[in-house]
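Worksheet: the structure to be examined is printed underneath.
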Amino acid sequence: MHEWTILGAGALGCTFAALLTEQQQPVSLLLSERHRGHFHPAFEFIALNERRRLVNTHRRFAEQAAGVECLLVMTKAYQVLPALTGLRDLSADTPILLLHNGMGVADDVARAFPHNPLLAGVTSHGALREGPWQVRHTGKGETWLGPVNEGGRAFAHLQAPLARALGHAEWSEDILSLQHRKLGINAVINPLTACHRIRNGQLHEPRFADVLTQLSEEVHAVLATLGETETLEQFRRRLNAVIELTATNYSSMHQDLAHHRPTEIDYITGYVQKHAGKLPVPVCRQLYHEVKKLGG
Ligand code: KPL
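Numbering (this note's numbering), first residue to last: 41 to 336.
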């Protein structure tokens with residue numbers, strides 16, 4: 041069995057590591073320089089059923105990239121390229137699976153690693169960091185993966201071990217469409233919850249009805265120009281279902297702002313604006329500036 045190497049030891053990266061090791065699948069965490077010398081040998085994982093266990097994974101640093109067999113990239117979107125370009129010894133055979141939030145990074149990675157099999161994935165698992173070495177799995181979701189370049193097409197077999205560990209994983213030849221669909225949801229929920237400092241479920245309060253409608257229309261219209269066939273009604277139904285399902289969660293953008301971290305606004309709302317062409321997207325634009333003003 042190959043070893044998974046996870047780049048990005050955030051809440052979701054650690055959750056994947058915990059779920060994979062639970063199935064006895066070999067996992068290593070590829071850590072950044074700032075973790076050298078003070079990354080705990082184990083982290084505590086709190087499962088959905090509140091069961092706690094210590095997760096021990098093998099650790100790697102950039103100079104050990106030559107031995108990486110399969111790389112799962114779970115950093116923030118803005119960290120993907122700097123983190124990957126630090127892996128000078130990564131073999132050109134190693135498949136790279138991009139699992140970060142937002143879009144607009146894959147083309148840069150394809151240019152920087154023209155020979156590596158490249159794949160992208162979307163996941164709706166939820167996770168939260170509760171303490172420095174403590175991660176909580178907050179929601180079981182679906183995971184999809186698919187090819188970004190020709191080389192990536194040969195890696196559909198990665199789906200089966202991921203499905204065993206995560207409860208669900210499927211292969212899609214049209215992963216771009218699934219990325220667009222997730223981006224659409226993030227482009228509505230994330231900046232609104234971050235700017236108003238609210239939980240996802242509060243978006244269903246009457247005071248947000250108008251802005252939710254307008255923003256949904258803007259985002260849906262842009263996704264339609266990118267080839268998405270979902271109707272506005274279907275988009276809104278899917279959006280409302282995610283808001284309900286994650287009602288008590290704080291969105292990742294809300295958490296980033298609250299912890300004074302950069303946000304992924306450039307890869308979510310920025311991506312929508314960039315592809316809007318002549319379509320008016322005033323709410324997107326306003327939220328983009330608002331998030332930037334708040335430090336994101
Ligand atoms: O993916 C998310 C995020 O916070 O980034 C959602 C679906 C909005 C859940 O919080």
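Ideal placement from N, C-alpha and C gives every residue a C-beta, glycine not left out.
Under 9 Å between C-beta atoms of residue i and residue j
i           : j           : result
residue 138 : residue 165 : no
residue 113 : residue 50  : no
residue 229 : residue 279 : yes
residue 152 : residue 121 : yes
residue 98  : residue 62  : no
residue 251 : residue 331 : no
residue 260 : residue 248 : no
residue 182 : residue 176 : no
residue 129 : residue 106 : yes
residue 187 : residue 215 : yes
residue 262 : residue 299 : no
residue 86  : residue 223 : no
residue 327 : residue 255 : yes
residue 292 : residue 284 : no
residue 160 : residue 146 : yes
residue 234 : residue 140 : no
Backbone secondary structure at residue i - three-state DSSP
i           : result
residue 83  : strand
residue 241 : helix
residue 50  : coil
residue 262 : helix
residue 177 : strand
residue 130 : coil
residue 92  : strand
residue 192 : helix
residue 257 : helix
residue 276 : helix
residue 74  : helix
residue 283 : helix
residue 142 : coil
residue 305 : helix
residue 267 : coil
residue 336 : coil
residue 104 : helix
residue 61  : helix
residue 55  : helix
CB-CB length for residue i against residue j, believed under 8 Å
i           : j           : result
residue 202 : residue 209 : 4 Å
residue 311 : residue 142 : 7 Å
residue 192 : residue 157 : 5 Å
residue 231 : residue 118 : Residue 231 to residue 118, Cβ: 16 Å. No contact.
residue 240 : residue 269 : Going by Cβ atoms, the distance from residue 240 to residue 269 rounds to 26 Å, so no, they are not a contact pair.
residue 334 : residue 265 : Incorrect: roughly 29 Å between the Cβ atoms, too far for contact.
residue 95  : residue 58  : 5 Å
residue 68  : residue 123 : Between residue 123 and residue 68 the Cβ distance is about 15 Å, and since that is not below 8 Å, they are no contact.
residue 257 : residue 173 : At roughly 43 Å, the Cβ-Cβ gap does not stay under 8 Å, so residue 257 and residue 173 are not in contact.
Where the alpha helix (DSSP H) containing residue i begins and where it ends
i           : result
residue 220 : 215-236
residue 117 : 117-125
residue 248 : Unbroken run through residue 248: none, as it is neither H nor E.
residue 331 : 322-333
residue 293 : 292-298
residue 317 : No alpha helix (DSSP H) contains residue 317, which DSSP labels as neither H nor E.
residue 151 : 146-152
Sheet register partners of residue i (DSSP bridge)
i           : result
residue 32  : Outside the displayed range of the chain (41 to 336) lies residue 32, so it cannot be described from this structure.
residue 187 : 159
residue 136 : 111, 158
residue 210 : 184
Closer than 9 Å to chain B by CB, residue i
i           : result
residue 314 : This model lacks chain B altogether, as it is built from one protein chain only.
Terminal residues of the beta strand (DSSP E) in which residue i lies
i           : result
residue 206 : Unbroken run through residue 206 is the alpha helix (DSSP H), 199-206; no beta strand (DSSP E).
residue 167 : 166-171
Check: residue i C-beta below 8 Å from any heavy atom of ligand 3
i           : result
residue 116 : Summarising the ligand content, the structure contains ligand 1 and does not contain ligand 3.
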